[in-house]
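A.B. asks: Dumping the structure here so I can ask a few things about it.
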Amino acid sequence: MAAGAGGEKRILCVGLVCLDVISVVDAYPAEDSDTRCLTQRWQRGGNASNSCTVLALLGAPCAFMGSLTPGHAADFIVADFRRRGVDVTHVAWQPRGDVPCACCVVSAASGSRTIVLHDTPGQRRGAGLPFARRNLPDVTERDFARVDLAQYKWIHWEARNAAEQERMMLRVERHNSALPPAQRIRTSVEVEKPRDDLLPLLAHGDVVRPGHAHPATPRRRLVFISKDLAKHFGYGTAAEALRGLRGRVRPGATMICAWAEEGADALEPDGTLVHADAFPPERLVDTLGAGDTFNAAVIFALSGGQSLRDALTFGCRIAGKKCGIHGYDGIV
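Residue numbers -27 to -1, 1 to 305, in mature numbering (1 follows the signal peptide of the UniProt record, and there is no 0), belong to the letters of the sequence shown in order.
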């Protein structure tokens, strides 16, 4: 498929799409209790998928790349992508497996969300439960090889199958090395889960090769670090996490960490710390997808030429709006 309307290059998000079954309750239920929900709905979910929703609502031509398998859930998901104007050309249709499903409980009292996802590889044995393998394979380097990179100005990865994703990123690096700086694809990766196999993605990114340096080369690489990952390493604030994890990231990358009601911080390649305050809603309603909203809004702003500080502020503002509504309609 061609680039967006008017020939504008698009943003591609690579990662998970799943079916969210969302139950809104008065307050989070006690274990082994029987509780009625206030409302229940199906919603297309998954980090990369949610970011596509937000990008589309903000007006950015975008595409999603991830795995699905035919069935009622996939029909619902694809119809919703198309309703939002998200291109699904790069969906990898798998011959077997089930679409990942997340059971989400949203508390009306606190706005918190609790998620139980059936998707993760290598699930631990539970009480009498057998070892479970990944239900649906993620997209691979071979799938990514079919993507026409010339259509895209930005590619964002949700860290999942790191070895395959590293090879995808290398392909983009090779593509960029033959282009002048202003025409290169910008890349970003979100490392959310504190899993050892995902950590190498922190250090993977665009490199200015010897002989290719250019004084006007813009920052090309963005690394989003989740609050959960930061706390896993023992950090108590976004700023601490960025400074502490800086050694794991290649020189030249910009790091970003959002910290809910504390706002968000970014660390520029030269060590400059940038902060943006949060924009909390009058009433906290639904925080499901708030991080994905923040990431998408930051990418949207940066891809449009805004400064890092302005992009952080925009991300916090849009994420704050999202927390004050159910779903995503109304964030703009």
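For glycine and all other residues, C-beta sits at the position ideal for the given N, C-alpha and C.
Please read all numbers here as calculations on a predicted model, not as lab measurements.
For Ile(-17), name the three-state secondary structure that DSSP assigns.
C.D. replies: Here residue -17 refers to the residue found at position 11 of the sequence shown. In this structure, Ile(-17) counts as strand in the three-state DSSP scheme.
A.B. asks: Once DSSP output is grouped into helix, strand and coil, what is the label at Asp(-8)?
C.D. replies: Within the sequence shown, residue -8 is the residue found at index 20, counting from 1. Asp(-8): strand per DSSP, three-state reduction.
A.B. asks: So is Gly19 buried or exposed if we call it buried at 16+ other beta carbons inside 10 Å?
C.D. replies: If you number the sequence shown from 1, residue 19 lands on position 46. Gly19 comes out buried.
A.B. asks: For a minimum of 4 consecutive residues, which ranges assigned as the alpha helix (DSSP H) are wholly contained in the stretch 42 to 76?
C.D. replies: List check, alpha helix (DSSP H) in window: 45 to 57.
A.B. asks: Is DSSP giving Lys200 helix, strand or coil here?
C.D. replies: Sequence index remark: in the sequence shown, residue 200 carries index 227 (1-based). In the structure shown, Lys200 sits in a helix (DSSP, three-state: H, G or I).
A.B. asks: Do the stretch 279 to 295 and the stretch 107 to 116 make contact, defined as three or more Cβ pairs closer than 8 Å?
C.D. replies: Not touching, per the Cβ criterion.
A.B. asks: Between Arg221 and the rest of its own chain, which residues show a CB-CB distance below 8 Å, the 5 nearest in sequence each way excluded?
C.D. replies: Against the sequence shown, residue 221 aligns to sequence position 248. Leu172, Leu175 and Ala176.
A.B. asks: In its own chain, which residues sit with a C-beta less than 7 Å from the C-beta of Ser40, not counting the 5 before and 5 after it?
C.D. replies: As a working mapping, residue 40 is identified with position 67 in the sequence shown. Excluding positions up to five away in sequence, the list reads Ala65, Gln67, Leu109, Pro110, Asp111 and Val112.
A.B. asks: So which of Ala82, Phe206 and Gly293 has the shortest CA-CA distance to Ala(-1)?
C.D. replies: For the purposes of this step, residue -1 is taken as residue 27 along the sequence shown, with counting starting at 1. Answer by Cα proximity: Ala82.
A.B. asks: Return yes when the Cβ of Ala249 is within less than 8 Å of the Cβ of Glu234, no when it is not.
C.D. replies: Working through the sequence shown from its first residue, we reach residue 234 at position 261. Working through the sequence shown from its first residue, we reach residue 249 at position 276. No.
A.B. asks: Assuming Ser276 and Arg157 make a contact with CB atoms under 8 Å, what is their CB distance in whole Å?
C.D. replies: On the sequence shown, position 303 is the one that residue 276 refers to. On the sequence shown, position 184 is the one that residue 157 refers to. So it is not a contact: roughly 13 Å between Cβ atoms.
A.B. asks: Whole beta strand (DSSP E) runs in the stretch 214 to 284 with 3 or more residues, listed along the chain?
C.D. replies: Runs found: 226 to 231, 237 to 240 and 246 to 249.
A.B. asks: Can you tell me which of Ile272, Leu281 and Ser280 puts its alpha carbon nearest to the alpha carbon of Thr26?
C.D. replies: Locating residue 26 in the sequence shown gives position 53, where the first residue counts as 1. Here the closest residue by C-alpha is Ile272.
A.B. asks: Compare the C-alpha of Arg256 against each of Trp232, Gly293 and Ile304 and name the closest.
C.D. replies: Stepping through the sequence shown from its first residue, residue 256 is reached at position 283. For the residues Trp232, Gly293 and Ile304, the minimum Cα distance to Arg256 belongs to Gly293.
A.B. asks: Kindly indicate the opening and closing residues of the alpha helix (DSSP H) around Thr26.
C.D. replies: Taking the sequence shown and counting its residues from 1, one reaches residue 26 at position 53. Element bounds for Thr26: Asn20 to Leu31.
A.B. asks: For Phe267, which option in Lys200, Gly244 and Arg119 has the closest C-alpha, if you only look at C-alpha atoms?
C.D. replies: As a first step, residue 267 must be located in the sequence shown, where it is residue number 294. Nearest C-alpha to Phe267: Lys200.
A.B. asks: Could you tell me the distance, in whole angstroms, from the CA atom of Thr8 to the CA atom of Val72?
C.D. replies: For this step, residue 8 is matched to residue 35 along the sequence shown. For this step, residue 72 is matched to residue 99 along the sequence shown. Distance between the alpha carbons of Thr8 and Val72 is about 27 Å.
A.B. asks: Whole angstroms is fine: what's the gap from Asp121's alpha carbon to Leu(-16)'s?
C.D. replies: Looking up residue 121 in the sequence shown gives position 148. Looking up residue -16 in the sequence shown gives position 12. Looking at the two C-alpha atoms, the distance is approximately 11 Å.
A.B. asks: Using a 10 Å radius around the Cβ and a threshold of 16 neighbouring Cβ atoms, would you call Arg17 buried or exposed?
C.D. replies: Numbered from its first residue, the sequence shown carries residue 17 at position 44. With 16 or more Cβ atoms within 10 Å of its Cβ, Arg17 is classed as buried.
A.B. asks: With DSSP as the reference, label Cys35 as helix, strand or coil.
C.D. replies: Here the question's residue 35 lines up with position 62 in the sequence shown. It is a strand residue.
A.B. asks: By a C-beta neighbour count over all protein chains shown, 10 Å radius and 16 as the cutoff for buried, is Arg133 buried or exposed?
C.D. replies: Stepping through the sequence shown from its first residue, residue 133 is reached at position 160. Result: buried.
A.B. asks: What separation, rounded to the nearest whole angstrom, lies between the Cα atoms of Leu261 and Ala52?
C.D. replies: The residue given as residue 261 occupies position 288 in the sequence shown. The residue given as residue 52 occupies position 79 in the sequence shown. Whole-angstrom Cα-Cα distance: 21 Å.
A.B. asks: Going by the DSSP bridge assignment, what does Leu195 pair with across the sheet?
C.D. replies: By one-based count along the sequence shown, residue 195 stands at place 222. The partner list for Leu195 (beta bridge, DSSP) reads Ser161 and Thr227.
A.B. asks: With 16 other CB atoms within 10 Å as the buried threshold, where does Gly207 fall?
C.D. replies: What you label residue 207 is simply residue 234 of the sequence shown in a count that begins at 1. So Gly207 ends up on the exposed side.
A.B. asks: By DSSP's criteria, Glu131 is part of a beta bridge. Which residues make up the other side?
C.D. replies: What you label residue 131 is simply residue 158 of the sequence shown in a count that begins at 1. Glu131 pairs with Glu163.
A.B. asks: In whole angstroms, what is the alpha-carbon distance linking Tyr125 and Glu4?
C.D. replies: Here residue 125 is taken as the residue at index 152 of the sequence shown, counted from 1. Here residue 4 is taken as the residue at index 31 of the sequence shown, counted from 1. Cα-Cα distance, rounded: 47 Å.
A.B. asks: Rounding to the nearest angstrom, what Cα-Cα distance links Ala75 and Val89 in this structure?
C.D. replies: Your numbering for residue 75 matches position 102 in the sequence shown. Your numbering for residue 89 matches position 116 in the sequence shown. Roughly 5 Å separates the two Cα atoms.
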